[in-house]
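A.B. asks: Got a structure here, written out as structure tokens. Questions coming.
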Amino acid sequence: MNKLITSITVGFDFSDNAREAAKWAAAIAERSANATKVTLVTAYPGHMPREVRDDLEQLQASEEGAARELIRQRMRDDVAEHGFTDEDASYEVMDGVKSRWPFAALISAANSLNSDLLIVGATGMGRLQRFLVGSTAERLVRKSKTPVLVVAQNQLPVERILCPIDYSPVSLESLNWAVTMARLFEAELDVMHTVELAPGAEIDAPGRRHISTDLRTELNRKAMTEAEQQFADALEEFDFSGVSWHRVLRPGNPVHEILQRTEELSYGLVCMGSLGLDHLQGMVIGNTAERVLRSLPTSLLTVKPQEFEVDERFL
1 MNKLITSITV GFDFSDNARE AAKWAAAIAE RSANATKVTL VTAYPGHMPR
51 EVRDDLEQLQ ASEEGAAREL IRQRMRDDVA EHGFTDEDAS YEVMDGVKSR
101 WPFAALISAA NSLNSDLLIV GATGMGRLQR FLVGSTAERL VRKSKTPVLV
151 VAQNQLPVER ILCPIDYSPV SLESLNWAVT MARLFEAELD VMHTVELAPG
201 AEIDAPGRRH ISTDLRTELN RKAMTEAEQQ FADALEEFDF SGVSWHRVLR
251 PGNPVHEILQ RTEELSYGLV CMGSLGLDHL QGMVIGNTAE RVLRSLPTSL
301 LTVKPQEFEV DERFL
């Protein structure tokens, strides 16, 4: 099913990475069959380029409305090269004093705008410095109900997309997004599933005996054969029309295989589901999407389970 993208929120702090996020939003909006509204969000007070700070210092403290309009105009100017107009883009200046955490402010903005997609750069600066991979980006992946696209530099135009799945509902929903992105960018799509096979030192607990090499080989062969059939069955109902796509079945650890394949084949985008675990759960059992995000050399789009909810009071 093609995802309908009518509203995109972009975290914007005037950095090169924020401009890259705006570039992605413009590229998606331009390719969408429907009208797509893009909203760039920043914070005031917050990080601003020197020239904007100089202009703001000339305004009196009471002229907050004028300051916010100046910032909006600078945002317009900053992304004008991407073809944004006031008809298809808006510029929100959030209260930087009340917004304790940038990720919470962005989630609140995306929720209030009913956004279909939230886009941020892989790194940031200044007050929005927590856009660094490992902090704000991970928190967005963990806490945002809205799908989150964390973009790396120089990945446009997207030519190849990877979508790892484990047959869970959220991973299949991420495949819907991957198919949509493949259609938008006319990109090739690889759908990957990994199978963790019996290791070489497997032990039969009751007898404390090592599994023989022949038995292990037979077990692994059977596991791969069954996985091939399960893989085909899981994708049978998907509509891949208009997309050049391939099934990729790999033995091994999911995180390792995702990172290795991404490095080998230079994917421009990886789409995958995220469980949205809280911090303690994430420390205990981990979250594949977050673990991939910390090391991934390319852009990552993560999707939450349909039933996922977060009380904004606890962001």
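Reading the sequence shown from the start, the letters are residues 1 to 315 in the numbering used here.
For glycine and all other residues, C-beta sits at the position ideal for the given N, C-alpha and C.
(1) Could you tell me the alpha carbon to alpha carbon distance between residue 108 and residue 215, rounded to whole angstroms?
(2) How many Å lie between residue 162 and residue 53 at the Cα?
(3) Opposite residue 120 in the DSSP bridges: which residues?
(4) Going by C-alpha to C-alpha distance, which of 249, 180, 21 sits closest to residue 167?
(5) In chain order, what residues of the same chain have a beta carbon less than 6 angstroms from the beta carbon of residue 20, not counting five sequence neighbours either side?
(6) If you count every other CB in all the chains shown that lies within 10 Å of the CB of residue 301, and 16 or more means buried, which is it?
(7) Check residue 58 in the structure and name its three-state DSSP category.
(8) With DSSP run on the structure shown, which of helix, strand or coil describes residue 130?
(9) Relative to the C-alpha of residue 196, which residue among 223, 184, 189 is closest?
(10) Out of 158, 226, 192, 232, point me to the one whose CA is closest to residue 299's CA.
(11) Would a C-beta distance cut-off of 8 angstroms place residue 372 and residue 170 closer than the cut-off?
(12) Taking 8 angstroms as the threshold, find out whether the region 234-245 comes into contact with the region 254-271 through three or more Cβ pairs.
(13) In angstroms, rounded to a whole number, what distance separates the CA positions of residue 36 and residue 29?
(14) For the candidate residues 292, 307, 271, 296, whose alpha-carbon lies nearest to that of residue 117?
(15) Take residue 292 and list the residues in its own chain whose beta-carbon comes closer than 8 angstroms to its own, dropping the five residues that flank it on each side.
(16) Does residue 266 come out as helix, strand or coil in the three-state DSSP assignment?
(17) Using the C-alpha atoms, what's the distance from residue 296 back to residue 251?
(18) Along the chain, where does the alpha helix (DSSP H) that runs through residue 5 open and close?
(19) So, helix, strand or coil for residue 23, using DSSP?
(20) Classify residue 11: buried if its beta carbon has 16 or more other beta carbons within 10 angstroms, exposed otherwise.
(21) Using only the alpha-carbon positions, how far apart do residue 178 and residue 156 sit?
(22) Work out the CA separation of residue 84 and residue 38 for me, nearest whole Å.
(23) Suppose you measure from the CA of residue 42 to the CA of residue 57; what does that come to, to the nearest Å?
C.D. replies: Judging by the given coordinates:
(1) 54 angstroms
(2) 41 angstroms
(3) Paired residues: 150.
(4) 249
(5) Listed in chain order, the non-local C-beta contacts of residue 20 below 6 angstroms within the same chain comprise 121, 151, 153, local neighbours out to five positions each way being set aside.
(6) buried
(7) coil
(8) In this prediction, residue 130 has a pLDDT of 37, which is less than 50 and means its spatial position is unreliable; nothing more can be read from the coordinates.
(9) It is 223 whose Cα lies nearest to the Cα of residue 196.
(10) Comparing Cα positions, the closest option is 158.
(11) Any answer about residue 372 is impossible in this case: the structure gives the chain only from 1 up to 315.
(12) no
(13) C-alpha separation (whole angstroms): 5 angstroms.
(14) 271
(15) 255, 258, 259, 270, 272, 300
(16) coil
(17) Each residue's Cα considered, the two are about 20 angstroms apart.
(18) Per DSSP, residue 5 belongs to no alpha helix (DSSP H) and is neither H nor E.
(19) Correct three-state label for residue 23: helix.
(20) It counts as buried.
(21) 15 angstroms
(22) 9 angstroms
(23) 18 angstroms
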